[in-house]
Amino acid sequence: MRKNKACVVRTIQACELDKLVDQLVHSFLGRDPTFVPTFLGSYRTFATTQQVLDILFRRYGYISPHSEEDGGPLDQLKMAMSSILATWLNWYPEDFFQPPAFPCLNMLVDYLGLNFPGSDLEHQAQLLLSELEHLEPTQGDKEAPVPTSTPLPSADLGPAEGTAFSGASASHRRLTPAPVMA
Numbered sequence: 000m001r002k003n004k005a006c007v008v009r010t011i012q013a014c015e016l017d018k019l020v021d022q023l024v025h026s027f028l029g030r031d032p033t034f035v036p037t038f039l040g041s042y043r044t045f046a047t048t049q050q051v052l053d054i055l056f057r058r059y060g061y062i063s064p065h066s067e068e069d070g071g072p073l074d075q076l077k078m079a080m081s082s083i084l085a086t087w088l089n090w091y092p093e094d095f096f097q098p099p100a101f102p103c104l105n106m107l108v109d110y111l112g113l114n115f116p117g118s119d120l121e122h123q124a125q126l127l128l129s130e131l132e133h134l135e136p137t138q139g140d141k142e143a144p145v146p147t148s149t150p151l152p153s154a155d156l157g158p159a160e161g162t163a164f165s166g167a168s169a170s171h172r173r174l175t176p177a178p179v180m181a
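If you're matching positions, the sequence shown starts at 0 in numbering that gives the first Met the number 0 and goes up one per residue.
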C-alpha cells in the first residue's frame with residue numbers, strides 16, 4: 000500500500016514539474032515578468048537542474064536556428080528559450096557547477112550549439128564550461144569556488160557579455176547593485 004502511495008505521489012510531482020517547466024515559456028510569451036525569475040530562484044526545493052533541463056529540452060528540443068518568419072511563433076519560441084536560458088545562466092551559474100563532468104552545463108552547451116549556433120549565449124556557456132573544467136581547487140579550499148556571472152538588469156534578459164568568478168555568495172550577488180560607471 001505504501002509503495003503504491005509513494006508511486007502516486009511521485010507521479011503527481013512529475014506532472015506538476017512538467018506543468019511548471021512548460022509555464023516558463025508560456026509566461027515569457029504571455030509577458031509575465033515574474034514567473035521565470037521566481038521559478039529559477041525556487042525550483043531547487045522540489046527538483047534538480049537535470050530534471051528541469053530534461054523537461055525543457057524534451058518539450059522544446061529542436062528549434063530551427065534560422066527562422067524564416069520574423070516575429071512568428073517559431074521566432075517567439077526562440078526568443079523565449081534564449082531569454083530563459085540566459086537568465087538561468089546569468090543569475091544561477093552555480094546550478095551548473097557539477098564537477099567533474101558538468102553534465103547539465105554540457106547538455107546546455109549542446110542545446111545552444113544546435114539551436115543558437117554562434118550566439119553570445121552559446122559562447123557564454125562554452126566560456127563557463129571552459130573555466131570550470133580548468134578550475135583546480137587548492138588543498139586549503141574546503142570546496143571549489145562557485146562561478147558567478149554578472150547579472151543583467153531586470154529589464155534586459157538577453158545574454159551577458161561573459162562570466163567572472165567571485166567569492167561573493169549567490170544571494171549577495173543578486174542583492175548588491177552593480178557599480179555605476181560615471
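Glycine residues also receive a C-beta, built at the ideal position from the N, C-alpha and C atoms.
Cβ-Cβ separation, residue j to residue i (assumed contact under 8 Å), whole Å
i, j, result
"T48", "F95", "7 Å"
"S82", "F34", "Going by Cβ atoms, the distance from S82 to F34 rounds to 12 Å, so no, they are not a contact pair."
"L104", "L128", "5 Å"
"L39", "W87", "5 Å"
"L55", "M106", "Going by Cβ atoms, the distance from L55 to M106 rounds to 10 Å, so no, they are not a contact pair."
"D31", "R58", "About 18 Å separates the two Cβ atoms, so there is no contact after all."
Buried or exposed by the 16-neighbour rule on C-beta atoms within 10 Å, applied to residue i
i, result
"T37", "exposed"
"Y61", "exposed"
"A100", "exposed"
"P92", "buried"
"E121", "buried"
"S41", "exposed"
7 Å Cβ shell around residue i - same chain, five flanking residues per side excluded
i, result
"Q125", "V108"
Residues near residue i by beta carbon distance below 6 Å, same chain, minus five either side
i, result
"L16", "A46"
"L19", "none"
"V24", "A79"
Close beta carbons around residue i, own chain, < 8 Å, minus the five adjacent residues each side
i, result
"Q97", "T48, C103, L104"
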